[in-house]
Each structure stands twice: as structure tokens, then as C-alpha cells.
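Number of protein chains: 2
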Amino acid sequence: MEPRDKVTREKVLAAALTLVEENGIEGLSMRKLAAAVGVEAMSLYNHVPNKDAVIDGVAELVIQRMVLPEPAGDWKADLRALADAFRSSAISHPHAARLLLTRQLVSGGSLAASDAALAALRRAGFSASEAVHALRAVLAFLVGTVLREVESTPAFDGSDLSAVARRRADLSADAFPSLAESAPFLASCDHEREYTYGLDLLLSALESRLNR
Amino acid sequence: MEPRDKVTREKVLAAALTLVEENGIEGLSMRKLAAAVGVEAMSLYNHVPNKDAVIDGVAELVIQRMVLPEPAGDWKADLRALADAFRSSAISHPHAARLLLTRQLVSGGSLAASDAALAALRRAGFSASEAVHALRAVLAFLVGTVLREVESTPAFDGSDLSAVARRRADLSADAFPSLAESAPFLASCDHEREYTYGLDLLLSALESRLNR
DNA sequence: TCCCAGGTACTTACGCTGTAAGTCAAGGGA
DNA sequence: TCCCTTGACTTACAGCGTAAGTACCTGGGA
């Protein structure tokens, strides 16, 4: 009855995910991962071809944990719900989300979400072709915003402050008047709000394109 | 007259950029970089604090090479020109662009571009506050699209083909009808066109928000 | 002229990385 | 019973970033 603690690919990936979330992507090494599953480094290679596969697996794990919302009929609300789901699952694993956003993976996990988004767009009345364009536009925005959001929480070392201070110094030398003018709004960033703003922009543009 | 070949921070960063473009980011090591400059690894530390600073420097180098377009009066055309300039300079250094897009850097190099974009938005009639939101939305989309574009050119190893084939297999099992329906349009991606489509979407939404 | 201070480059070394290669014990099918 | 697969182990190698110490060369003050 001791096969209970047998190493499996799933256990390796789960351990890798927690390791990444605790120590960042840099903190993931095959030796540390092996130690986390209670084994020597080289034993991992019985379950996983190499480190890159581990990283891909971690990224897929995050996607798979995304819970898809039930379609409600209103295509805009449905797209928004899908985007929300994507964003939430990314934000709940900020370090691993970097992987997901940075590498494009042809993972099976994201297929269901893409299908749901395309279904909503088709229901709205877009052609199969334009639905793809719309999906790609929304997805690009989504990746960009979420990336900014997860990157602006860099395990808070105090270096940010000096950087901001330096930026301010550059601004006060008003070679950049428009920048200086907007400085108070640039200084802080409410990610939730920026996300909503941009998504609204895209959805309303899609809607008016539909009525054209 | 032999100070001609003295090592400088600039030469180090320039060599790092070409190294990154030739071999990818993984191919950049302090030893190889030193060899490229004609020096031993540790000598680099006389000009650069550590490897991270080298990477930041490479990213800034790419931004600095971006040529800003002259403002022409039409705010939409101006924003489009700025976006084009950003995209072009990123695409011309695909590997280094990953760095630029992935890390958020408070570099001085991007200040001029941000200022120009904000100026165009202010000229259009946006408030200083909303101009920032608009800029962030466009920038998020820009980062997302360009990231997808530079990542889909992964020094062409043939593994892409098998991945696409696998995706097709998943599709034919029509658990995802909308996906299957759009499969022919998903199979290929004209990056230029997707970029234009999304940017048009955002700009038209901004315009109608302005007239509201 | 001499001398020396400072900066540049070099050498050595440490601990870490991913992984190729070979060994060995346990368990299940013939 | 034997054998053969499977998974874990050990050893080893080449490469990494960089801390620490050393040697040289060059320009300026005495």
C-alpha cells in the first residue's frame, strides 16, 4: 500500500506550480523540484522529458484551473465573463501567469475558452472569419493588461520607489509637457479599472461594427 | 592611439543586442558577451553591474532606436503612426523585443513616445485623466499583439507543425463546434492584419467616446 | 624624473544549473 | 524459476553568474 507516494507527472507539475508561486520562475530548478517531491533530481526525468516541459505543464495547469462561466445569452456579458475568468485565474497565480502570457502554447486547456468566446461572437452575428479577428483583438488586449498587472507586483522590492522618483525627476524637466500634465494620473494605476476601461472600449467598438 | 578598442558600456550593450538577436535570449551569457567584446568575462563588471543590467540595457537600446513620427494634426493618424513605429522597432529585433514587452521598464527612452501619444489624445479633446486610460488601453493591446507576433517566429524549428497538427486533431473531435467552424481562419494568422483590425477597433471606440 | 593612485583587465574559485550515462533493486509476466 | 521492465539512484560534465584577489598601465603631482 505504499504506491501511495509514487511520483507522477501530475504531482511533479503541481509541486512545480507551488514552487514557482513561492519563489518566482527563477526559483524553479530541477533539484529543488525533485526535493519538493521527495526524490533525486534525475528521477524527475522518468516522468517529464526536460525542464521546458515542466514549465509548459505549469502554464497549462493554470489554464486548466480557469472555471468557464455559463453563457447567459448576452454576447457582451458572456465575453466579459470569459475575460474576467481568464484574468482572475492569471492573477491568482501571478508568477506562473507570466509563463502563460509570455509563451504562446497550443495547449488543449485553452480550447474550451476559445470555443466559448467564438460561440458568443457567432451568436452576436459575426461571421466565422470576423469572430476570429475579434477574438484575437480582445485576447491581445487581455494579454497586455494582465501582463502589466502581474508584472507590477514584482515581489515588492523597494527599487520601484527609486525608479518612480527618477521618472518624476525626468518629468519635472518639462521636455515632455503632455507627460507632465498627466503625471498625477500616470503615477498610480488601478489595474481593475484600466482593464474594464479597455474591455468596454473593445466591446462597444465591436457592437457598433455589428450594427453597421 | 589604441584607446580605439577600449571597452565601454555602449559597446557591451550593442554586442549584447546582436548576441541576443543571433542566438535568442538564452544564448546571452556573460562569458559569450565578453568574448564578443574581446575580453574576459569578469572585465565586463567594470562597465556593468550585473547581467540583469545588461538585459535592461538591451531593451532600452531597442526603444531608443524607435524613430518617432512627426505629428500631422489628425490625432488618430498620429496615434496610428506612433503604434506603427513601436511595432516596427519591436519587430526588427524580435528576440530583444520579448524583453521590452515582458518586463515593464521605467526607461527614459519611452518617455518621448508616451508624451507624443498623450499630446495627440489631448489635442483630440480627451481630459488629462482619460488620455492616460486611453493610452494604457492602446498600449496593452499593442503589447499583446506584438508579443504574439514576435513569439510566433520562434527561430522556426519544425515542432510548430506537429503542434498545429495536434490542434487540428483536437478540433476534428467536435467537442468544440464554434472552434471547428472557425478552424480555417484560426489556422493562419496575418499579424499585420490583426494588428490593424484591433487598432482600428480601439481608435473608433475612442472617437465615438469623444463625440458622446 | 620618480612615484603612486586609480582604473581596467585578468585569474581563480565557489556554488549552482540542466542533463547524459550508467547502476541497481523491486515487481510482474513467461 | 528467470528475465525484463520500470523507476530511482549516483556520478559526471560543461556551462552559468559573480565574489575575491592580483597584475598592469596610464596620467598627474612631487
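Residue numbers (UniProt numbering), protein chains in the order written: chain A, 1 to 212; chain B, 1 to 212. Even for Gly, the Cβ is constructed at its ideal location relative to N, Cα and C.
Practice task
Return no unless some Cβ of chain B is closer than 8 Å to the Cβ of Phe86(A).
Solution key: Not one chain B Cβ lies under 8 Å of Phe86(A).
Exercise for the section: Under 6 Å Cβ to Cβ from Phe156(B), same chain only, skipping five residues before and after it: list those, please. Expected result: Any reading at Phe156(B) must be qualified, since the residue scores a pLDDT of 42, below 50, and its modelled position is unreliable; the value itself is stated next. Nothing meets the Cβ criterion.
Exercise for the section: Anything in the region 119-136 of chain B with a Cβ closer than 7 Å to a Cβ of chain A? List those residues in chain order, please. Expected result: Those would be Ala119, Arg122, Ala128, Ser129, Ala131, Val132, His133, Arg136, in chain order.
Practice task
List the endpoints of the continuous alpha helix (DSSP H) containing His133(A).
Solution key: First-last of the alpha helix (DSSP H) with His133(A): 128-151.
Handout entry: DSSP state of Lys32(A) mapped onto helix, strand, coil
Key = Helix at Lys32(A).
Exercise for the section: Would you give the residue range spanned by the alpha helix (DSSP H) that Tyr195(A) belongs to? Expected result: Here the alpha helix (DSSP H) through Tyr195(A) covers 191-210.
Exercise for the section: Rounded to whole angstroms, what's the CA-CA distance from Gly72(B) to Ala113(B)? Just pull it up for me. Expected result: First, the amino acid is wrong: residue 72(B) is Ala here, not Gly. Whole-angstrom Cα-Cα distance: 15 Å.
Exercise for the section: Return no unless some Cβ of chain B is closer than 8 Å to the Cβ of Gly27(A). Expected result: It does not; no Cβ of chain B falls within 8 Å.
Practice task
Measure the Cβ-Cβ separation of Ala59(B) and Leu33(B) and say whether it is below 8 Å.
Solution key: Not a contact, by the Cβ cut-off of 8 Å.
Exercise for the section: Determine, using beta-carbon pairs with one atom in the region 172-182 of chain A and one in the region 112-129 of chain B, whether at least three such pairs fall under 8 Å. Expected result: Yes, the region 172-182 of chain A touches the region 112-129 of chain B.
Practice task
Would you decide whether Gly144(B) is buried or exposed? Buried here means 16 or more other CB atoms lie within 10 Å of its CB.
Solution key: With a threshold of 16 other beta carbon atoms within 10 Å, Gly144(B) meets it and is buried.
Exercise for the section: Would you kindly work out how many angstroms separate the C-alpha atoms of Val54(A) and Leu13(A), rounded to a whole number? Expected result: Rounded to whole angstroms, Val54(A) to Leu13(A) spans 6 Å at the Cα level.
Problem - Inter-residue Cα distance where the pair is Ala137(B) and Gly198(A) - result: In this model, Ala137(B) and Gly198(A) are separated by some 5 Å (Cα to Cα).
Practice task
Tell me whether Met42(B) sits in a helix, a strand or coil according to DSSP, three-state version.
Solution key: It is helical.
Exercise for the section: Go to residue 214(A), then tell me how far its alpha helix (DSSP H) extends in each direction, as first and last residue. Expected result: Absent from the model: residue 214(A). The displayed extent of chain A is 1 to 212, so no value can be given.
Practice task
Tell me, please, whether the CB atom of Gln104(B) is closer than 8 Å to any CB atom in chain A?
Solution key: At least one chain A Cβ lies under 8 Å of Gln104(B).
Exercise for the section: Have a look at Pro177(A) and Ala128(A) and give me their C-alpha separation to the nearest angstrom. Expected result: Rounded to the nearest angstrom, the gap between the Cα atoms of Pro177(A) and Ala128(A) is 45 Å.
Practice task
Would you verify that the beta carbon of Val143(A) is, or is not, closer than 8 Å to some beta carbon of chain B?
Solution key: Taking Cβ atoms only, chain B reaches closer than 8 Å to Val143(A), which makes this a yes.
Handout entry: C-alpha distance - Glu40(A) paired with Arg31(A), whole-angstrom precision
Key = Going by the C-alpha atoms only, they are around 7 Å apart.
Exercise for the section: Using a Cβ cut-off of 8 Å (strictly closer), state whether Thr18(A) contacts chain B. Expected result: At a cut-off of 8 Å between beta carbons, Thr18(A) makes no contact with chain B.
Practice task
With DSSP as the reference, label Ser188(B) as helix, strand or coil.
Solution key: Ser188(B) falls in the coil class under three-state DSSP.
Problem - Proximal residues, the region 72-84 of chain B versus chain A, C-beta separation under 8 Å - result: Taking 8 Å as the upper bound on Cβ-Cβ separation, chain A lies near no residue of the region 72-84 of chain B.
Practice task
Take Ala81(B) and list the residues in its own chain whose beta-carbon comes closer than 7 Å to its own, dropping the five residues that flank it on each side.
Solution key: Pro69, listed in sequence order.
Exercise for the section: Compute the Euclidean distance between the alpha carbons of Leu105(B) and Ile63(B), then round it to the nearest angstrom. Expected result: Cα to Cα, the separation comes out at about 11 Å.
Practice task
Determine the direct distance from the alpha carbon of Ala140(A) to that of Gly27(B), and round the result to whole angstroms.
Solution key: If you take the alpha carbons of Gly27(B) and Ala140(A), they lie about 28 Å apart.
Exercise for the section: Mind listing the chain B neighbours of Asp115(A)? Cutoff is C-beta to C-beta under 7 Å, in chain order. Expected result: Within chain B, the residues near Asp115(A) are Phe176, Ser178, Leu179.
Exercise for the section: Give, in chain order, every residue of the region 194-205 of chain A whose Cβ lies closer than 7 Å to some Cβ of chain B. Expected result: Taking 7 Å as the Cβ-Cβ cut-off against chain B, the residues of the region 194-205 of chain A that qualify are Glu194, Tyr197, Gly198, Leu201, Leu202, Ser204, Ala205.
Handout entry: Neighbour flag for Arg9(B) against chain A, beta carbons, 8 Å
Key = Chain A places no beta carbon closer than 8 Å to that of Arg9(B), leaving this residue out of the contacts.
Handout entry: Among Ala77(B), Ser92(B), Asn211(B), Ala205(B), the one whose alpha carbon lies nearest that of Glu22(B)
Key = Of Ala77(B), Ser92(B), Asn211(B), Ala205(B), the residue nearest in Cα terms is Ser92(B).
Practice task
Could you tell me whether any Cβ in chain A is nearer than 8 Å to the Cβ of Ser43(B)?
Solution key: With 8 Å as the cut-off, Ser43(B) does not count as an interface residue toward chain A.
Handout entry: Secondary structure of Ser92(A), DSSP reduced to three states
Key = Collapsing the DSSP output to three states places Ser92(A) in coil.
Practice task
Give the range of the alpha helix (DSSP H) segment to which Gly27(A) is assigned.
Solution key: Element bounds for Gly27(A): n/a, residue is neither H nor E.
Problem - Which of helix, strand or coil DSSP assigns to Pro71(B) - result: Here Pro71(B) carries a coil assignment [DSSP, helix/strand/coil].
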